[in-house]
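Visitor:
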Amino acid sequence: MTKSPKELRAEGATPLVEMDDISISFGGIKAVDSVSVDLQPGEVVGLLGHNGAGKSTLIKILSGAYQKDSGEIRIDGKPVEITNPRDARSHNIETIYQTLALADNLDAASNLFLGRELVTPTGLVDDSAMEAECRKIFKQLNPNFQKFNEPVSALSGGQRQSVAIARAVYFNARILIMDEPTAALGPHETQMVAELIQQLKAQGIGIFLIDHDVHAVMELCDRASVMKNGQLVGTVDIEDVTDDDLLSMIILGKKPGEAAA
Amino acid sequence: MTDTTTQPIPSSKPRNLFQQLELDTRLLGMIGAFIILCIAFNVLTDGRFLTPRNIFNLTIQTVSVAIMATGMVFVIVTRHIDLSVGALLATTSAVMAMVQTEVLPQTLGMGLNHPATWAITIVVGLAVGTLVGAFHGWMVGYLAIPAFIVTLGGFLVWRNVAWYLTDGQTIGPLDGNFLMFGGTNGTLGTTWSWIIGIVATVLALLTLWNARRAKAGHGFPVKPIWAEVTFSLVISGTILGFIWILNSYNIPSRRLARMFEARGETMPEGLVVGYGLPLSVFILIAVAVVMTVVARRTRFGRYIFATGGNPDAAELSGINTRMLTVKIFALMGFLCALSAVVASARLANHSNDLGTLDELRVIAAAVIGGTALSGGIGTIYGAILGALIMQALQSGMAMVGVDAPFQNIVVGSVLVLAVLIDIIYRKRLGAK
Ligand SMILES: Nc1ncnc2c1ncn2[C@@H]1O[C@H](COP(=O)(O)OP(=O)(O)OP(=O)(O)O)[C@@H](O)[C@H]1O
Ligand SMILES: [Mg+2]
Numbered sequence: 001m002t003k004s005p006k007e008l009r010a011e012g013a014t015p016l017v018e019m020d021d022i023s024i025s026f027g028g029i030k031a032v033d034s035v036s037v038d039l040q041p042g043e044v045v046g047l048l049g050h051n052g053a054g055k056s057t058l059i060k061i062l063s064g065a066y067q068k069d070s071g072e073i074r075i076d077g078k079p080v081e082i083t084n085p086r087d088a089r090s091h092n093i094e095t096i097y098q099t100l101a102l103a104d105n106l107d108a109a110s111n112l113f114l115g116r117e118l119v120t121p122t123g124l125v126d127d128s129a130m131e132a133e134c135r136k137i138f139k140q141l142n143p144n145f146q147k148f149n150e151p152v153s154a155l156s157g158g159q160r161q162s163v164a165i166a167r168a169v170y171f172n173a174r175i176l177i178m179d180e181p182t183a184a185l186g187p188h189e190t191q192m193v194a195e196l197i198q199q200l201k202a203q204g205i206g207i208f209l210i211d212h213d214v215h216a217v218m219e220l221c222d223r224a225s226v227m228k229n230g231q232l233v234g235t236v237d238i239e240d241v242t243d244d245d246l247l248s249m250i251i252l253g254k255k256p257g258e259a260a261a
Numbered sequence: 262m263t264d265t266t267t268q269p270i271p272s273s274k275p276r277n278l279f280q281q282l283e284l285d286t287r288l289l290g291m292i293g294a295f296i297i298l299c300i301a302f303n304v305l306t307d308g309r310f311l312t313p314r315n316i317f318n319l320t321i322q323t324v325s326v327a328i329m330a331t332g333m334v335f336v337i338v339t340r341h342i343d344l345s346v347g348a349l350l351a352t353t354s355a356v357m358a359m360v361q362t363e364v365l366p367q368t369l370g371m372g373l374n375h376p377a378t379w380a381i382t383i384v385v386g387l388a389v390g391t392l393v394g395a396f397h398g399w400m401v402g403y404l405a406i407p408a409f410i411v412t413l414g415g416f417l418v419w420r421n422v423a424w425y426l427t428d429g430q431t432i433g434p435l436d437g438n439f440l441m442f443g444g445t446n447g448t449l450g451t452t453w454s455w456i457i458g459i460v461a462t463v464l465a466l467l468t469l470w471n472a473r474r475a476k477a478g479h480g481f482p483v484k485p486i487w488a489e490v491t492f493s494l495v496i497s498g499t500i501l502g503f504i505w506i507l508n509s510y511n512i513p514s515r516r517l518a519r520m521f522e523a524r525g526e527t528m529p530e531g532l533v534v535g536y537g538l539p540l541s542v543f544i545l546i547a548v549a550v551v552m553t554v555v556a557r558r559t560r561f562g563r564y565i566f567a568t569g570g571n572p573d574a575a576e577l578s579g580i581n582t583r584m585l586t587v588k589i590f591a592l593m594g595f596l597c598a599l600s601a602v603v604a605s606a607r608l609a610n611h612s613n614d615l616g617t618l619d620e621l622r623v624i625a626a627a628v629i630g631g632t633a634l635s636g637g638i639g640t641i642y643g644a645i646l647g648a649l650i651m652q653a654l655q656s657g658m659a660m661v662g663v664d665a666p667f668q669n670i671v672v673g674s675v676l677v678l679a680v681l682i683d684i685i686y687r688k689r690l691g692a693k
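For the record, the sequence lines run as chains A and B. According to this note's numbering, the residues represented by the first sequence are 1 to 261, in order. According to this note's numbering, the residues represented by the second sequence are 262 to 693, in order.
1. Short check: CB of V313(A) to CB of G230(A), under 8 Å?
2. Can you check the region 388-427 of chain B for any alpha helix (DSSP H) of at least 4 residues that lies completely inside it and give the ranges in chain order?
3. What residues in the region 81-106 of chain A bring their beta carbon closer than 7 Å to a beta carbon of chain B?
4. I need the residues with a C-beta less than 7 Å from some heavy atom of ligand 2; please give them in chain order.
5. If we cut at 8 Å on Cβ distances, does G115(A) have a partner in chain B?
6. From this set, I197(A), M19(A) and E189(A), which residue's C-alpha is nearest D265(A)'s C-alpha?
7. When Cβ atoms are compared, which residues of the region 575-608 of chain B fall closer than 8 Å to chain A?
8. Given 7 Å as the limit, tell me if G49(A) has its C-beta closer than that to any heavy atom belonging to ligand 1.
9. Can you pull the chain A neighbours of T559(B), defined as C-beta to C-beta under 7 Å?
10. What residues in its chain sit with their C-beta under 8 Å from that of A609(B), if we drop five residues either side in the sequence?
11. On a CA-only basis, which of L507(B), G347(B) and V628(B) is nearest S541(B)? Give me that one, please.
12. Report the residue from I456(B), V483(B), T586(B) and H479(B) whose alpha carbon sits nearest the alpha carbon of L469(B).
13. Indicate the three-state DSSP secondary structure (helix, strand or coil) for S354(B) in the structure shown.
14. Below 7 Å, is the gap between the Cβ of F171(A) and the nearest heavy atom of ligand 1?
15. What is the DSSP secondary structure of H611(B), counted as helix, strand or coil?
16. Residues of chain B with CB under 7 Å from A65(A), in chain order?
17. Can you pull the chain E neighbours of D683(B), defined as C-beta to C-beta under 9 Å?
18. Which residues does DSSP list as the beta-bridge partners of P151(A)?
19. If you measure from the beta carbon of A549(B) to each beta carbon in chain A, is any gap under 8 Å?
20. What number of angstroms, rounded off, separates the C-alpha of M262(B) from the C-alpha of E11(A)?
21. Between the region 363-372 of chain B and the region 407-425 of chain B, do at least 3 Cβ pairs fall closer than 8 Å?
22. Should I638(B) be flagged as near chain A, meaning a C-beta pair shorter than 8 Å?
23. Using the beta-carbon of each residue, which ones in chain B are nearer than 8 Å to E131(A)?
24. Measuring only between beta-carbons, confirm whether M262(B) sits less than 8 Å from chain A.
25. What do you reckon, are the CB atoms on L654(B) and G347(B) nearer than 8 Å?
26. Where does T95(A) fall in DSSP's three states?
27. For Q652(B), which of L392(B), S325(B), G525(B) and A567(B) has the nearest alpha-carbon?
28. Between the alpha carbons of T632(B) and P121(A), how many angstroms are there, rounded?
29. Answer yes or no: the CB of A31(A) versus the heavy atoms of ligand 1, is any distance below 7 Å?
30. Kindly indicate if chain A contains any beta-carbon less than 8 Å away from that of K484(B).
31. On a Cα-Cα basis, can you pick out the residue from R558(B), R519(B), M658(B) and G498(B) that is closest to I459(B)?
32. Give the DSSP bridge partners of M441(B), in chain order.
33. Go to M227(A), then tell me how far its beta strand (DSSP E) extends in each direction, as first and last residue.
34. What residue range is occupied by the uninterrupted alpha helix (DSSP H) comprising R340(B)?
35. Bridge partners for P539(B) per DSSP, in chain order?
36. Any idea which residues DSSP pairs F26(A) with across the strands?
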């Protein structure tokens, strides 16, 4: 690692991703209203906010699931159009969705490689090779996992979550979006995901992390952006704030130090 | 990750015999039901049901519905339905009938029974079927009209386009070469049937062996060798036994004599010639193999099942589910046209009511064969077996002398019962 994300920002280096003045509405309701966030390589930015604040909607615009109404997305400073999930993948953006987005009737390996199957020289899907790769990555992520030949509908919530995480980290993402990745995980598995985030960060991957656990955000993130009712309350440096500051931003919708309106 | 205690690939977990053998218990149940059905009819008809002649007829009667049922599996797996297959079969059949009896011989002046007529006809028919199917798929995928509505409309439209094209008349006789695809008019003879049977057996065994080697190569658990050998023997026995039965149905001597006369020869005294594998059944087998490979070993097939399991997940994984829908319905249309070739060639003419009620038979075959209407689940071999069970039921009852209304009452009840058994079975299994 050469420079920390903080140093990069201080130098005014071009961010890995910039989401600039993004808005989207659903039937008249502004789910995301002129929100700007950005991400440096090797940086973890937490997205916080109450239920329905617009966090998932914002990152779904980046992952190609939704189309923004206005605003601009830049990657390495260059404006990009992301109109579907394939575009996002082509920019090395990988996403762990809150809903996990798994095909329940397929096994772990088929889900891991969905849309990017390994094929034999004759162009046929190579299930054995995919299962072998899948076993390799699970050895790191969740060594107790054994149900490789069962549809993921037969897995526990946490095991399903590991499949979704494995899928996002397997394909050399540059930009990783994690929407409540530890929601269904036990304490041990949550710890493993925390370690995974540190590891990926050290490799220079930029991560948007949505999490309701303020302590986890304080521990893992470099910065945090707080949203309320579709609007950005503010973005703060984790080093400059306390848990309580973040909580009051989430609940009151004001930056620390700002006078009550 | 800190926790890197390496573990051997699981062998610790006790697996019961069925899991170890990777047997599809549902398939076994269906085969069991089919065998019981056949034996019961055989007893009731004093042994007339399980004769080479009847088995031969049963298979050629099943082909048309079975071919379409393989396509219906893909349609239903992706949570759609196609109510227009019988009508589309009629339209493609009408188009082909007009092409081979009017357009080519008269308008283009090629004359009757020109050697290229059958090929041009079939190409045109398959193209029309594929295009119509693609059009249905486009309306379902891109315009987001429910498949039920699109194909309900298609059901009325194509049934009557067929009528319009032929003025509601029976068109025949069809091209002499075209009739080869119909069953009795086009069989491969005993020698070729044996050759095909042996080639098929070798290919099946090679496939099994390759699958085992691929698994073993990655260190995954494989079936015990005795199970593999038993399974291989069952497969070889089934294929070769089937060929043997078809080969032992002899061409009636009167018919044989006429065939010799047609060639200007006289039949040698006491000559016995078996029919062998009908071309139409060979087509069904080819369709079954290709569709199974498509379902299991191609990206297209994988995306079909993923989309059926969770359409949103498929879309988020970068699968173009709209285009996928177009392709699935286009394939369905292609298979309808292929069925139309077989069905009209079997009857030696195109009749206005060709394919009537086929949509229901095809859907029933797929569903009896284990395709779940909730999507994501279904097999090609199941659908074909479903078609075979329905046909066996129908012709068995006809042979026993059950009245026509009762035949349909039984078939309808069996459909509902089969789905109920399926639901109970899946609940037991703990799957949804
Ligand atoms: N597809 C949609 N159609 C209509 N409204 C939507 C849609 N998706 C989200 N919304 C609305 O947009 C708002 C923001 O939702 P979003 O899922 O982004 O919240 P969130 O911050 O992720 O909340 P949570 O913490 O509960 O996950 C909500 O009011 C929601 O009802
Ligand atoms: Mg959310």
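We treat Cβ as the ideally placed atom computed from N, Cα and C, and that holds for glycine.
Guide: Inspection of the coordinates gives the following:
1. Residue numbering for chain A in the displayed model covers 1 to 261; residue 313(A) lies beyond these limits and cannot be assessed.
2. 408-427
3. P85, R86, R89, Y97, A101, L102, A103, D104, N105 and L106
4. K55(A), S56(A), Q98(A), D179(A), E180(A) and I210(A)
5. yes
6. One cannot answer for residue 265(A) here, as it falls past the ends of chain A, which runs 1 to 261.
7. A575, E576, L577, S578, G579, I580 and N581
8. yes
9. L124 and V125
10. G433, P434, L435, L440, G443 and N446
11. L507(B)
12. V483(B)
13. helix
14. no
15. strand
16. L577
17. The chain inventory of the structure shown lacks chain E, comprising the protein chains A and B.
18. D107(A)
19. no
20. Note that M262(B) has pLDDT 39, beneath the 50 cutoff, so the model's placement of it is unreliable and the number below is only indicative. The straight-line gap from Cα to Cα measures roughly 33 Å.
21. no
22. yes
23. H479 and F481
24. Note that M262(B) scores 39 on pLDDT, short of 50, meaning its location in the model is unreliable and no value can be drawn from it.
25. no
26. strand
27. S325(B)
28. 31 Å
29. yes
30. no
31. G498(B)
32. DSSP lists no partner for M441(B).
33. R223 to K228
34. It is not in any alpha helix (DSSP H) - R340(B) carries neither H nor E in the DSSP assignment.
35. T448(B)
36. I29(A)
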